[in-house]
Structures are given as structure tokens and as C-alpha cells.
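Contents: one structure, followed by commentary.
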Amino acid sequence: MKDDNCIFCKIANGEIPSKTIYEDDMFRAILDLGPAAKGHALLLPKDHYADLFALPDETAAAAIVTAKKIAAGMKEKLGADGFNLVQNNGEVAGQTVFHFHLHMIPRYQTDGQKIGWVPGKPSQEELEETRAQICD
Ligand code: AMP
Ligand code: ZN
Numbered sequence: 008m009k010d011d012n013c014i015f016c017k018i019a020n021g022e023i024p025s026k027t028i029y030e031d032d033m034f035r036a037i038l039d040l041g042p043a044a045k046g047h048a049l050l051l052p053k054d055h056y057a058d059l060f061a062l063p064d065e066t067a068a069a070a071i072v073t074a075k076k077i078a079a080g081m082k083e084k085l086g087a088d089g090f091n092l093v094q095n096n097g098e099v100a101g102q103t104v105f106h107f108h109l110h111m112i113p114r115y116q117t118d119g120q121k122i123g124w125v126p127g128k129p130s131q132e133e134l135e136e137t138r139a140q141i142c143d
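Residue numbering for the sequence shown follows my numbering, starting at 8 and increasing by one per position.
In C-alpha cells:
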């Protein structure tokens, strides 16, 4: 399934050129045009799924295995010191392109980037309330 109005569908299927670093039947991995660090890449399924929740289990499972393989190669070739996998779902979470993608970000001691959040300080009661909301 492709979406004619989706730029990542066109890139994943080779209709728009990209700096491809990996390709198989299910995925294409491309260099991000606005990299957080050298080698920042996006793993794109060739079929269109808007986000994680739309992704079939089989594709989700294959994505992490494929990302692991690509990340290991990049870490070695680029001499990265660490690695972030980031995946945004929904505008509020920072998603700007609504075709599922996994950010693969090599990290370097000197890259000066911060990928994270401001930690909250919930009480034990608040944590319990949240746990119950999720599980009960
Ligand atoms: P997100 O904010 O998680 O939806 O990530 C979208 C990412 O896609 C951003 O990091 C953009 O820099 C990147 N991006 C957008 N358009 C392109 C493109 N044509 N080629 C490569 N990367 C792109
Ligand atoms: Zn798409």
C-alpha cells in the first residue's frame, strides 16, 4: 500500500532520489536531510503506515532487527561512541512526516546534541495512580 501524497512513500520506493544506505524488500534506510549528528538515518517501510499504531506486527519486528543491523555497521564505519533509536508518533510527540520512520542516530562524544526530556518528580502515589490507569 502506497499513499500518492506521501513523500516518504516516494522516497522509500525510489521515485524520489535519496542518499540510501540500506535497502531490502521491506525497507529503505536514507540519510536524514537535517541530521542530529553525522550519519543520522531514517528507516522507512516501503508500504505506507502513518505511525507505530498502524504498523503490522511483522513490519514492527523486522524494523528493529533491521535497525540493529544497520546501526552496528554505522557504529563501526563512522566510529560512533553510542547510538539513539528515536521514533515519534503524533504531532505532539514531534512527528512531522506521517509515514512511520525510525530515526537511527549515531552519537559522538563531541556532537553537542541533547536528545531527551526534562525529568519529572512524581510522588509514589502519582506513580501508582498512573500504573493503575494503565493496567487496571
Ligand atoms: P519526524 O519529526 O520524526 O517526523 O522526522 C522527520 C524527519 O524527516 C526529520 O528529521 C527531517 O529532517 C527528515 N526529512 C524530511 N524530509 C526529508 C527528505 N526529503 N529526505 C530526508 N529526510 C527528510
Ligand atoms: Zn507513505
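Beta carbons are placed, not taken as given, at the ideal position from N, Cα and C, and that holds for glycine.
Within the same chain, Arg114 come within 6 Å of Gly89 by CB-CB distance, once the 5 residues on both sides are set aside. Ligand 1 never approaches Asn91 closely enough for any of its heavy atoms to be under 7 Å from the residue's Cβ. The beta carbon of Ile77 sits closer than 8 Å to the beta carbons of Ile28, Tyr29, Ala36, Ala48, Leu50 and Met111 from its chain, once the five residues preceding and following it are set aside; these are given in chain order.
By the 16-neighbour rule on beta-carbons within 10 angstroms, Leu109 is buried. Annotated three-state conformation of Gly41 is coil, per DSSP. Taking C-beta atoms under 8 Å as the contact rule, Val104 and Phe34 fail to qualify, at a distance of about 15 Å. By the neighbour-count criterion, in which 16 or more other beta carbons inside 10 Å mark a residue as buried, Ile18 falls on the buried side.
The C-alpha of Thr73 lies about 15 Å from the C-alpha of Phe107.
Beta-bridge pairing by DSSP links Glu30 to Arg35. A distance criterion of 7 Å places the beta-carbon of His108 in contact range of ligand 1, judged by its closest non-hydrogen atom.
CA-CA distance, Phe60 to Asp10, rounds to 17 Å. Fully contained in the stretch 41-82 are the following beta strand (DSSP E) runs of length 3 or more, in chain order: 48-52.
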